[in-house]
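When the first sequence is numbered by my numbering, its final residue is 1025 and no position is left out of the sequence of numbers. All C-beta atoms, glycine included, are put in the ideal place defined by N, C-alpha and C. Owing to the predicted nature of the structure, the values given are computational and were not obtained by experimental measurement. What follows is a short report on a single structure.
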Amino acid sequence: MLDANVIRQETERVRKALVDRRYPESILDDFLATDSRWRECVEQANRLKQVRNNVSVEIASLSGDEKKAKIAEMKDMAERVKSLDAEISSLDFRRQESLLLMPNIPHNSVPVGDDAEGNITVKTWSKGRSFDFRPKEHFEIGEDLDIIDFVRGAKVAGSGFYVLKGDGARLERALINFMLDLHHQQGYREIFPPVLVNDESATGTGQLPKMKDDMYQVERDGLWLNPTAEVPVTNLHRDEIFEKDDLPIHYTAYLPSFRREAGRHSDTRGIARVHQFNKVEMVKFVHPDRSYDELESLLGDAESVVQALDLPYRVLLLCTGDMSFHAAKCYDIELHAPGGDRWLEASSCSNFTDFQARRARIKYRPEPHLKSEFLHTLNGSGVALPRTMVAILENYQNEDGSVTIPEALRPYMNGQSVIG
RNA sequence: GCGGAGAUAGCCCAGCCUGGUAAGGCGAUAGACUGCUAAUCUAUUGUCCGCAAGGACUCGGGGGUUCAAAUCCCCCUCUCCGCGCCA
């Protein structure tokens, strides 16, 4: 959520952000119109309430006919205040609604572009190995080794769900533990939050109202299955105020995440795009002056995961048109999957600046006697499991159909070095 | 799920029965004073509107009654205690 004062005072900057992001400018114009009407009404209501408060004190000291007359006089006033308050609350609702739909302002370093074509590759790490046989795709490997079962997944839950079995399940568990241990060493505090979140939490990080259709809803209890650990972990501190010295706070969390993938493409064979997936996440709460430095180190921490697994990857700086609406700047880490010769997004590292903090009211006090201010939040996958699994299976496959286990994971698999 | 008790400012706590517009304390910060980073005194310490002066709002959340609600009525959330159920 943007600061209403910034929208009023720096209207053209906000307008440019909308244009760069390919959002309709009408969002801004709607807000400005509603906002100014809202402010007029608030001022008018405040004046009436001032009179009411003054007369109320007077009434307390009166008696008899004098008192009766004043009270009769104020009855009319009460009606006017009531109807004005009703108008204010409906204007405020519309005002908040357009605020919640307005995207964050991109950082200056973010390239302007329409879609993924406009993204900039800032780094390519390792060429990957060369194959002297035809590399298989991960779903072939998974089924041949009987470690991924799509048929059973569909039976139990439906299309888009899968089952890991045997060494596949053990590899998943090894990855989770490996990633958590690595982030722990990097100074992140481990969190295991609720899988389900309420409306407030989903609104706080920006999933509601815009991405309603992407989440699984538990209607009976007013809850949602989290689409990313970012939601429960960031909301740990909703409505909280930190002292300056508490920052920065670095959290890591393993959590299953759920996405309906409403507009799911048909060419998604395998586990690269599924309804339930595991993810190890990093979330940071930082001082506003530090957030862009923290973004670089967050990216570095995410990269260290795929580097330790020795997987070929590249880093993209997302352009304005491809970035999610709550980010001010975002890097994606894409893993190369040689089976299908594809790049798979395995991590997204974003600086949300004060966008989420304002929605979720997460503040810090710059000095003990100063007013609290919104801090900055960041989030990065460190990293998404299924796509890492795809990259491992395809990059580490052998001609005989077996898969070598990356060295970094062997301690987590009782020293085992190969699946198959 | 049932019964009881509770939620007041950064923190603690009074006010609620009997409606009149949040008392007091702690902490923090600034100033005064003092030989002193101690004690004491004073001020500041939530949100919104406003360039400001100023004003409005704020007692877990939402409704209602009333000229006026922390206070009375209704609904909801969370916490604690007891009971029930349960991996």
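With 16 other Cβ atoms within 10 Å as the buried cut-off, status of residue i
i: glutamine 961; result: buried
i: threonine 726; result: exposed
i: phenylalanine 744; result: buried
i: glutamine 1002; result: buried
i: phenylalanine 797; result: exposed
i: arginine 739; result: exposed
From the options, residue whose alpha carbon lies closest to that of residue i
i: threonine 993; options: Asp844, Val910, Arg700, Asn840; result: Val910
i: asparagine 651; options: Met679, Lys675, Glu615, Leu689; result: Leu689
i: threonine 729; options: Pro798, Gln912, Val715, Glu1012; result: Gln912
i: leucine 980; options: Ile676, Lys770, Met682, His842; result: His842
i: serine 955; options: Glu886, Ala1013, Val1023, Leu990; result: Glu886
i: alanine 1013; options: Leu916, Pro943, Lys976; result: Leu916
i: arginine 878; options: Leu900, Glu999, Phe863, Asn659; result: Phe863
i: histidine 880; options: Leu990, Gln701, Ala638; result: Leu990
i: valine 660; options: Gly945, Met679, Lys673, Trp643; result: Met679
i: glutamate 845; options: Arg964, Arg739, Arg895; result: Arg964
i: asparagine 883; options: Ala951, Leu903, Ala933; result: Ala951
i: histidine 892; options: Arg1015, Leu983, Val823, Ala996; result: Leu983
i: arginine 874; options: Glu702, Pro814, Pro1016, Phe755; result: Phe755
i: aspartate 640; options: Ile612, Leu769, Arg627, Val624; result: Ile612
i: proline 711; options: Val686, Pro1016, Asn658, Ala933; result: Ala933
i: asparagine 709; options: Arg1015, Asp608, Ile1024; result: Asp608
Where residue i sits in the DSSP three-state scheme
i: leucine 705; result: helix
i: valine 662; result: helix
i: aspartate 1005; result: coil
i: arginine 947; result: strand
i: asparagine 831; result: coil
i: isoleucine 997; result: helix
i: arginine 586; result: Look at the range of the chain in this structure, 606 to 1025, and you will see that residue 586 is not part of it.
i: glycine 987; result: strand
i: histidine 981; result: strand
i: tyrosine 793; result: coil
i: valine 800; result: coil
i: arginine 970; result: strand
i: tyrosine 767; result: coil
i: serine 862; result: strand
i: leucine 852; result: coil
i: glutamate 845; result: strand
i: asparagine 1019; result: coil
i: alanine 867; result: coil
i: alanine 962; result: helix
Bridge-paired residues (DSSP) for residue i
i: cysteine 935; result: Ser955
i: threonine 726; result: Leu921
i: lysine 884; result: Leu860, Ala989
i: phenylalanine 636; result: Note: phenylalanine 636 sits in no beta bridge, so no partner.
i: isoleucine 693; result: DSSP lists no partner for isoleucine 693.
i: phenylalanine 890; result: Ile854, Thr982
Residue i CB to nearest heavy atom of the ligand GDP below 7 angstroms
i: cysteine 646; result: In the structure on display, the ligand GDP does not appear, and there are no ligands present to speak of.
Would you be able to state if there are at least three C-beta pairs under 8 angstroms between the region 696-709 and the region 643-651?
-> Of all C-beta pairs linking the region 643-651 to the region 696-709, three or more are shorter than 8 angstroms, placing the two stretches in contact.
The region 833-841 touching the region 795-807, judged by at least three CB pairs closer than 8 angstroms = With the cut-off at 8 angstroms, the region 833-841 and the region 795-807 touch.
Is the region 812-832 touching the region 967-985, taking contact as three or more C-beta pairs under 8 angstroms?
-> Result no; under three Cβ-Cβ pairs closer than 8 angstroms.
Can you find at least 3 beta carbon pairs, one from the region 779-793 and one from the region 842-857, that sit closer than 8 angstroms?
-> Touching, per the Cβ criterion.
Do three or more CB pairs link the region 937-946 to the region 777-785 at distances below 8 angstroms?
-> In short, these stretches do not touch, since the Cβ pair count stays below three.
Hey, is the region 924-936 in contact with the region 768-775, meaning 3+ C-beta pairs nearer than 8 angstroms?
-> Segments in contact, no.
Is it a yes or a no for the region 745-753 touching the region 1004-1012, going by three-plus beta-carbon pairs under 8 angstroms?
-> With a cut-off of 8 angstroms, the region 1004-1012 and the region 745-753 count as touching, because enough Cβ pairs lie within range.
Say whether the region 660-675 touches the region 697-717, bearing in mind that this needs 3 or more beta-carbon pairs closer than 8 angstroms, one atom from each stretch.
-> No contact exists between the region 660-675 and the region 697-717.
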